[in-house]
Structures are given as structure tokens and as C-alpha cells.
Amino acid sequence: MDGQRDEQHDDAEDRGDPVTGGEPSRPSRRRIGRPGGPVRRTGVILAVLMVALAGAVLGVLAGGRVDTDIGPFRANLTLSPAREGGTTIDVPPLGALLLDSHSGPTHLTVRLGALDQGRTEALLDDPASINRASQSAVEDVRSGVMRLGLRTLASAVLVTLILAGLIFRDVRRTAWAGGLALLVTAGSLGTAAATLRPQAIEEPRYEGLLVNAPAIVGDARRIANDYTKYAEQLQRIVGNVSQLYTTVSALPVLEPAPGTTRVLHVSDMHLNPTGWQLIRTVVEQFGIDVVIDTGDITDWGSEPEASFVGSISLLKKPYVFIRGNHDSGKTAAAVARQPNAIVLNNSTTTVAGLTIAGIGDPRFTPDKNTSPAGSGLTQEVANQVIGVGTQLAATVRSSPRPVNIALVHDPASAGPLAGTCPLVLAGHTHARQVSKLPQAPGQQPTALFVEGSTGGAGLRGLEGEKPTPLSMTVLYFDQQKMLQAYDDITVGGTGQAQVNLERHIVQNPSAGAPASVTPTPTR
């Protein structure tokens, strides 16, 4: 019996029986911990899951970005966690386009940087490369997004492994956390890819200055539907630039008198790089002495757009410029930095024997303080526009040398210049027109030449049923600096003639080009 009690006592000690008050042995501790095992395992699983999610989020924020080239642009692509999907195309400082492109907990941001000067010049040197660049842009975006996805996955897994290793100090739990992070990140990206909506590009929302861009906001769906047709015509336009050489050879030969000065009048480029190639072709083929630009070389006058004017220096000819209502002070400053450029603002200059006076447009369309009606001509705006014409007329009259050409952007500014000089050049309307200003008794006749759009109106050219043609004019001045002839050059449009040059001979230079008298707005 004593032996049995001793064995029971020993068993009680081994079990840690509370009755006996004995201390439990190590094996008995493991047996007591088993009822709490599922709770503990649940806690470990939750901890691993939380670390995996935290690591995935931190990894996406830290590594979910790549720099890539999209055509001539340098772009930054960024992925970020979000409750809803979608894409933001950021065009600083103009604003952003918001696209409902996909679902899922990832948001894509595409931030466009400045134009790369080297690639832009390469496009200008080879017109066919513009079409190739537009075709490769989609592939550029696809390649960039693929690299972004792979980089994001790698970053999410790496950050999670580091974080889990520091917290758990356990290989198995660290591996589980990394695997979960890979699964969560890949699932999010897969959801975005599976719910991709390409048609979202037709229905963007706008923020910033882009809200006020009529050429972009206008009818996005119609522009998208007509883009294929436009692209085909643009291809022909670009391809036919080279035909200028052969077309010019078939023109009736103008025998300019010795000392003839050739001036190329361009206007309203509106950021169209094709216009630069056309200008360079004409400058070389026609032996141009001076290029005159009557404004709207850009669309919004922003800092990124300023790089567009870098092609001026490639012309290697004097380039006389006045601001249009789409050009800012920064635009004018960027033009002035070109070694061959002259910016006029109620001032005069003498180039190649021609005395030229010019003044910038008083409006800046994106700024509603200076342009309350945009580019429209209300009575308030008319007073502004006519006012700068009056200022320039006073400058012309006080010039120590007779002014041969006066420059304004809006033809509505030309009225006060009647009788002050023989020729006024303007743009703004995107439609070529030659007329005479009303002439008072005893005044010299003043012709008004309004140029079309050398850039085909930029994006505005998409708003009509037919793309706006690219146009410019070559003016020939004799030794007395009187206009003796001019060539109207048009590239593009529809019909049989894709490249059209019309030569006009001025029979009586002292009387100016034959044209009807056109009244201009008054205060």
C-alpha cells in the first residue's frame, strides 16, 4: 500500500496535480499549453498577414515608380495603393486628366516631363519619324507599365522580407510574409489588368488649366472617333513636305531685282512640330532672309512648352517675334534667349534693311484677368486689342526710320495703323486673308496680310471635320523695300492638291497688293 501511495504521489508530481501542490515537470507544461495552441496560431497568422500587408504597401510606395520615354517626352510612371483604381495623367503646370481606366486597389499616375531636345530635333529632321513616334508611343507606354509592374512586385516582396525578418526573426514566418506580399501585390495588379477599360480615354475628367482648353475638352468622343482619319491625313501632310522641292521647280520663275529681300511670314504654330520642318524647308529652298512670327507659337505659355521654341536657332536666320494671346511672358523670354531671335513689344528693329515694328497681344488667354472673354472679341476686349494698335501706331510715327512692316497678332489691332506704314502682318484667325485698311485722304495705302495657321491650328485642327492646313507666305521686297510679289504656301487639307503654292505679282508696288478694303473694329 505504501508503494502504491508513493507511485500515486510521483504521478501527481509529474502531472502537476493542484491537489498535491507539486511543481509540474517540463513535459506536463507542454501538455497544459496545448489547449491555448489554436489561439496562439491565430495570433501568429494575423501578425504575419499584417506584416505582409504593411510590407507590400511600403514596398509599393518605395519602389512603384519608373522613368520612361514616351515619344520625345520623359515621363514618370507611379503606382500607389488606392481604394479605387483609375489613372491620372499629370501635365504640369497645366493640370491633369483623370481616367476611369481600371478597378482594383492600385492607382496609376503618369507625369509628363519636358520634351527631350535631342529627340525633338531628330523628329524635326526626319518628318517620317513623327509618324513612327506616334505609332511607338503605345508600345512605349506598354513597356513602361510592364517594367513598373515588375519593379513594384520586387519592391513589395523585398521590403516585406526585410520587415518580417526584423520583427519575427524566424525564417518560416518571414517566408510566409513574403509569399503573402507577392500574392497580394500580384492580385492587385492582376485585377487592374483584368478590368482595364481602354475606352476610358474618350471620357476624361479635367483638372487645372486643362478645364479651359476648348480644343481638348470640346468633343473628346468625336475627336477620338475621327483620330484615325486625321492620322491618315497627317501622314500625307508630313510626307508631302518633301514635295515642296519638286513643286517649287514647276512654278513660274520670278526674276527678283538685285537686292530683293525675302521674308517668310508664319503664325499660330500652336506646338505643332510639323510646322518647324515646313519652315526649315521653305527657308532653305526660297533663300529666306528674315522669318516673321506673329504669335501663338505655344498653347498655354507654360514652362514645358518653352522648349518648343528651341528650333528657332536651327533656322540660322533672323527670327522676329511678337506674342500672341496664347503666349506668356515666359514664352517671349524663351524666344528671346535664341541667338537669332528678336522679340518686339511696342518697339522697332531693322533687319536685312527692313524696319519692322511690332507689339504683343494684350491678352493672355489662360489668365482671365487679362482675357475675360478668352480669345473672343467683346467690347471690353476690343478696347484692349484696338488700344495696342494705337500704341504701336504712335511708335511707328515716332520712329526715326520709316517703318516698312508693322506686326500685330489680332487683325482687330490693325485699324489704327492705317496710313502709318505700307504693310501690316497679323495672324490669330487661322484663315489667310489679304485686304486693305480704310485709307484717309492724303494717307499712304496700308495692306493687311492675315496669315493662316502654320501649325494647322495645333489640337484645334481636330475640332472640324477636316484638318486645318498648314500655311505660310513668302514676301518679296525690292530695293526700296516695297512689296513686289508674294507666294502663298499651303500644305495639307483635302482635295487633289496636298501641296499648293500660289504666286501673286504686285503690279504697282507703291499702291500695294490689289485687295478690297476691309473695315476693322472700332472702340
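One rule links them: number in this note's numbering = place in the sequence shown (from 1) + 28.
For every residue, glycine included, the Cβ atom is placed at its ideal position computed from N, Cα and C.
None of the values given here were measured: they were computed from a predicted structure.
What residue from the options has the CA that sits closest to residue i's CA?
| i | options | result |
| --- | --- | --- |
| A361 | S544, G338, T376 and A380 | G338 |
| N432 | G417, C449 and L453 | C449 |
| L511 | K344, L77, R197 and V534 | V534 |
| H298 | W304, L140, T326 and P466 | T326 |
| G83 | E312, Q366, V187 and G443 | V187 |
| R391 | T378, T406 and L382 | T406 |
| P466 | L208, T378 and L451 | L451 |
| K344 | G357, P367, F336 and Q412 | P367 |
| R290 | G215, A334, T546 and Q313 | Q313 |
| R201 | V79, V85 and T137 | V79 |
| E331 | W304, A124 and T359 | T359 |
| I73 | L498, E408 and A205 | A205 |
| L503 | I316, A459, R170 and T393 | I316 |
| N411 | R139, I190, P444 and D324 | P444 |
| G91 | L107, D516 and Q508 | L107 |
| L191 | T116, V173 and V85 | V85 |
| I195 | G172, M174 and A75 | A75 |
| I286 | V519, N536, G113 and Q508 | The sequence given here has Pro at residue 286, not Ile. Closest option to P286, Cα to Cα, is Q508. |
| R365 | P346, Y514, H458 and H354 | P346 |
| A446 | R93, L127 and A468 | A468 |
| M500 | V409, A334 and V319 | V319 |
| V371 | T322, V416, G114 and A539 | T322 |
| R531 | G455, A543 and A513 | A513 |
| A214 | D198, L81, H354 and V527 | L81 |
| D168 | L189, L211 and V138 | V138 |
| S216 | H458, L140 and E112 | E112 |
| S426 | T474, G455, S375 and A459 | S375 |
| D355 | V173, G329 and G470 | G329 |
| E333 | A442, V416 and L140 | L140 |
| T518 | S335, P547, G470 and I307 | I307 |
| R460 | L125, G470, T496 and T474 | T496 |
| G571 | L342, R93, L189 and G303 | The structure shown does not extend to residue 571, since the chain spans only 29 to 551, so no value can be given for it. |
| N528 | L127, L498 and R197 | L498 |
| T219 | G114, V545 and L77 | G114 |
| R170 | I98, L453 and V199 | I98 |
Assuming residue i and residue j are in contact, meaning their beta carbons sit under 8 Å apart, how far apart are those beta carbons, in whole angstroms?
| i | j | result |
| --- | --- | --- |
| V424 | I384 | Not quite, the Cβ-Cβ distance comes to about 10 Å (not below 8 Å), so this is no contact. |
| L89 | T96 | Their Cβ separation, rounded to whole angstroms, is 19 Å, which puts L89 and T96 out of contact at 8 Å. |
| N373 | G388 | 5 Å |
| A541 | V462 | 6 Å |
| P549 | A440 | 5 Å |
| R429 | T378 | 7 Å |
| A103 | H135 | Actually they do not touch by this definition, with Cβ atoms about 16 Å apart. |
| A209 | A182 | Not really, about 11 Å apart at Cβ, beyond 8 Å. |
| I350 | G386 | 4 Å |
| N300 | G483 | 3 Å |
| P537 | D506 | 6 Å |
| I340 | V363 | 7 Å |
From what residue to what residue does the beta strand (DSSP E) around residue i run?
| i | result |
| --- | --- |
| L349 | A small correction: the amino acid at residue 349 is Phe; Leu does not occupy that position in the sequence shown. F349 -> beta strand (DSSP E) spans Y347 to F349. |
| V371 | A369 to V371 |
| L503 | L498 to F505 |
| N536 | Where N536 is concerned, there is no enclosing beta strand (DSSP E), given that its DSSP letter is neither H nor E. |
| I307 | Counting along the chain, I307 falls outside any beta strand (DSSP E), though it belongs to the alpha helix (DSSP H) covering P301 to F314. |
| A513 | L511 to V519 |
What are the boundary residues of the alpha helix (DSSP H) that residue i is part of?
| i | result |
| --- | --- |
| V409 | Q407 to R425 |
| L74 | G65 to G91 |
| S341 | I340 to L343 |
| G206 | V199 to A222 |
Per the DSSP calculation, residue i is bridged to which residue(s)?
| i | result |
| --- | --- |
| V294 | D321 |
| N353 | None; N353 has no bridge partner. |
| K464 | A475 and V545 |
| E557 | Examination of residue 557 is not possible in this model, given that the chain is present from 29 through 551 alone. |
| G386 | S375 and L435 |
| A103 | T96 and L140 |
| V452 | A434 and L476 |
| S108 | H135 |
| T289 | F505 |
**Prompt:** Touch check for the region 176-187 and the region 62-76: three-plus C-beta pairs under 8 Å?
**Reply:** Three or more Cβ pairs closer than 8 Å define a contact, and the region 176-187 falls short of that threshold against the region 62-76.
**Asked** For the 8 Å Cβ check, are there 3 or more pairs between the region 293-307 and the region 474-483?
**Response** Result yes; three or more Cβ-Cβ pairs closer than 8 Å.
**Request:** Indicate whether the contact test is met: 3 or more Cβ pairs, each with one atom in the region 414-423 and one in the region 432-443, closer than 8 Å.
**Result:** Touching, yes.
**Request:** Give a yes or no on contact between the region 211-223 and the region 126-140, applying the rule of three or more CB pairs nearer than 8 Å.
**Result:** Cβ pair count under 8 Å is three or more, so yes.
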